[in-house]
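Colleague: Handing you this structure, nothing more for now.
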Amino acid sequence: MKDYFLTGHGGGKVFFQLPEAWQVANNAVLTLEKTEKSIYELISESIANPVGTLPLADLVKGKDRIVVIVDDLTRPTPKKAILTCLVDHLHEYGVRNAQIDVLIGLGTHRPLTQSEIEDTFGRQLSEEIRFINHDCHSRDLVSIGTLRFGGNLRVHPLAAKADLRIAVGSILPHPFAGFGGGAKLVLPGIADYEFIREHHMALMTAQGVELGNTIENPFYHEILEAARLAKLEFIINAVYDAREEVKAIVAGHFETAHEMGSRMCAKELGVHFDRAADVTICSAFPYTEGPQILKPVGIATRVTKKGGTVIIYAPEIKGGRFPAPLLEAFDRAFSISRGDTRQLVFDHVRDGIPIVPDAPMDFNAALNTALLFLSRVRILLVSKDADEKQATRLGFGYAGSLEEAIAQVSKDIPRAAVNILPSGGLTLPLVAEEMRFTW
């Protein structure tokens, strides 16, 4: 029998075999070709050769206040490396540390502690440059205009009053915007809560809103409009390989540089699928944090037939278990769903009310999509950290090992077409048109 593998925590391979009557439709092994350049070289070259805009040296001329918007700890962005290189270049252009503010684009996430800032950016940078957490509930946010779906957009005053705005982030497949990074550092990064809520609730289930798609995607297009209103001038974004290591850096205009980086991301992480499977076996790699594990579940669902089964391999979970707020959110959803999670989601989207009102909007968005996935497929969790009780609270089945999970599923589906996603959290399914589904 042939051996197949999934990527485990830390990047190691975990091997398994399939029943003889199961046939592999697609084994989505991502190729890995490392760059030989250092991260500093990649960053420096991208800044010196921006896409779609003037060189940064020209953009900073005559500018007094510069704000650098960076993403938070939920993204793998090499923040210290990028910021160090960027500050070196700004010094070359005559900009002093006192002219630079670093604004952490939290969206609706929690603020970073001072120790987290020091650990993330280094003690020297954190002492020499001012770091500020964005607060989406602050009364000091500044109105910069109105958009169709989100209404009145208010952003952090430092960004509104700056002479130049630079955004630092990561380009990875995103379930709503198509790809992360770019203008998302404005929306949701430094936007107000009400705008984020209105935008997400109005558009998360709209046609065209899907992983890897930025064409005719209203969720993404409103993010671009927000960046235009905010006058975002320059981005520096990382692109990753199949091990979540930096493969390239793109810099320049928030739309054209991001478009280039998204194409690079699709080339690096994209896999063509021409058929949906009865069973999809998927690693959660590189995610270990509870809510983040829902991302590869969604990716696997998109290449699985309605009524099929997704086996999600998440052996290690940060903290040793799914966080209580996540489990409680699912408890709440199931208790009010009356057995129809799909209808529950659409009722709340229609009314513009998050299922968990006091939770971050991306948490609610992830909860909504997870509930929609559960209305399409059976999900079976394989983990040594989470137990059957936790899995049940999430609406998942449970198995202690891959072998046990495959044996369970083969009883119900003795003959199956199978898709395998060894690095599920990083895989971008490029699907045939007939495989695309709407909610």
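Sequential numbering from 1 applies to the sequence shown in the numbering used here.
Backbone N, C-alpha and C define an ideal beta-carbon position, used for all residues, glycine too.
Report, in whole angstroms, the separation of the C-beta atoms of Ile132 and Ile104, which I expect to be a contact under 8 Å.
Modeller: About 7 Å; that satisfies the 8 Å criterion.
Colleague: Checking the sheet assignment: what are the DSSP bridge partners for Pro173?
Modeller: In the DSSP secondary-structure assignment, Pro173 is bridged to Phe179.
Colleague: Helix, strand or coil, according to DSSP, for Cys282 in the structure here?
Modeller: Reduced to three states, the DSSP call for Cys282 is strand.
Colleague: Closest to Leu269 by CA distance: which of Glu20, Glu33, Gly10, Ala25 is it?
Modeller: Glu33
Colleague: Among all the DSSP beta bridges, which residues are the ones paired with Tyr313?
Modeller: Ser283, Val382
Colleague: Give me the Cα-Cα distance between His134 and Arg243, rounded to the nearest whole angstrom.
Modeller: 30 Å
Colleague: Could you compute how far the alpha carbon of Ser337 sits from the alpha carbon of Ile190?
Modeller: 33 Å
Colleague: Does His9 pass the burial test, meaning 16 or more other C-beta atoms within 10 Å, or should it be called exposed?
Modeller: Residue burial annotation: His9 is buried, with at least 16 other C-beta atoms found within 10 angstroms of its C-beta.
Colleague: Less than 8 Å between the C-beta atoms of Leu380 and Gly352, yes or no?
Modeller: no
Colleague: Hey, how far is the Cα of His200 from the Cα of Arg350?
Modeller: 12 Å
Colleague: Taking 8 Å as the cut-off, does the region 171 to 180 touch the region 325 to 337 (at least 3 CB pairs, one atom from each stretch)?
Modeller: no
Colleague: Given a threshold of 16 other Cβ atoms within 10 Å of its Cβ, counted over all protein chains shown, does Pro315 qualify as buried or as exposed?
Modeller: buried
Colleague: Within the continuous beta strand (DSSP E) that includes Ala407, where are the two ends?
Modeller: Ala407 -> not in any beta strand (DSSP E); alpha helix (DSSP H) instead, spanning 402 to 412.
Colleague: Within 10 Å of its beta-carbon, does Gly252 have 16 or more other beta-carbons around it, so buried, or fewer, so exposed?
Modeller: In this structure Gly252 is buried. Its beta-carbon is surrounded by 16 or more other beta-carbon atoms within 10 angstroms.
Colleague: With H, G and I counted as helix, E and B as strand and the rest as coil, what does DSSP make of Thr301?
Modeller: helix
Colleague: From the DSSP output, which residues share a beta bridge with Asp101?
Modeller: Under DSSP, Asp101 shares a beta bridge with Val67, Arg130.
Colleague: So is Ser170 buried or exposed if we call it buried at 16+ other beta carbons inside 10 Å?
Modeller: buried
Colleague: Quick check: the region 281 to 300 against the region 192 to 206, are at least 3 beta-carbon pairs closer than 8 Å?
Modeller: no
Colleague: Which same chain residues end up closer than 7 Å to Gln207 when comparing Cβ atoms and leaving out the 5 residues on each side of it in sequence?
Modeller: Thr438
Colleague: Whose C-beta lies closer than 8 Å to the C-beta of Asp362 among residues of the same chain, with five residues either side of it excluded?
Modeller: Gly107, Thr108, His109, Pro188, His200
Colleague: Could you have a look at His221 and say whether DSSP puts it in helix, strand or coil?
Modeller: It is helical.
Colleague: Hey, is Phe363 close to the ligand NAD, as in C-beta under 7 Å from one of its heavy atoms?
Modeller: Ligands in the displayed structure: none, and consequently the ligand NAD is not present.
Colleague: My output table needs one value for Val345: the three-state DSSP class, helix, strand or coil.
Modeller: helix
Colleague: Specify the secondary structure class of Phe5 as computed by DSSP and reduced to three states.
Modeller: Residue state, collapsed to three classes: strand.
Colleague: In whole angstroms, give me the CA-to-CA distance for Arg148 and Lys184.
Modeller: 17 Å
Colleague: List in chain order: all unbroken alpha helix (DSSP H) runs of 4+ residues lying wholly within the region 13 to 52.
Modeller: 39 to 48
Colleague: For Ser143, list the residues DSSP reports as bridge partners.
Modeller: Arg154.
Colleague: Any contact between the region 206 to 220 and the region 86 to 97? By contact I mean 3 or more CB pairs, one from each, below 8 Å.
Modeller: no
Colleague: Have a look at Ala21 and Glu210 and give me their C-alpha separation to the nearest angstrom.
Modeller: 33 Å
Colleague: Within its chain, find whatever has a CB closer than 8 Å to the CB of Glu255; leave out the 5 residues flanking it on each side and keep chain order.
Modeller: Gly52, Gly182, Ala183, Leu224, Ala227
Colleague: Output the distance between the C-alpha atoms of Pro323 and Glu118, rounded to the nearest integer angstrom.
Modeller: 25 Å
Colleague: Which one of Gln114, Ala257, Arg65 has the shortest CA to CA distance from Val95?
Modeller: Put simply, of Gln114, Ala257, Arg65 the residue whose alpha carbon is nearest the alpha carbon of Val95 is Arg65.
Colleague: Is the CB-CB distance between Pro429 and Ile312 below 8 Å?
Modeller: Not closer than 8 Å, so no.
Colleague: Who pairs with Val431 in a beta bridge, going by DSSP?
Modeller: Phe273
Colleague: Does DSSP put Phe234 in a helix, a strand or coil?
Modeller: strand
Colleague: On the three-state DSSP scale, how would you describe Gly339?
Modeller: Gly339 falls in the coil class under three-state DSSP.
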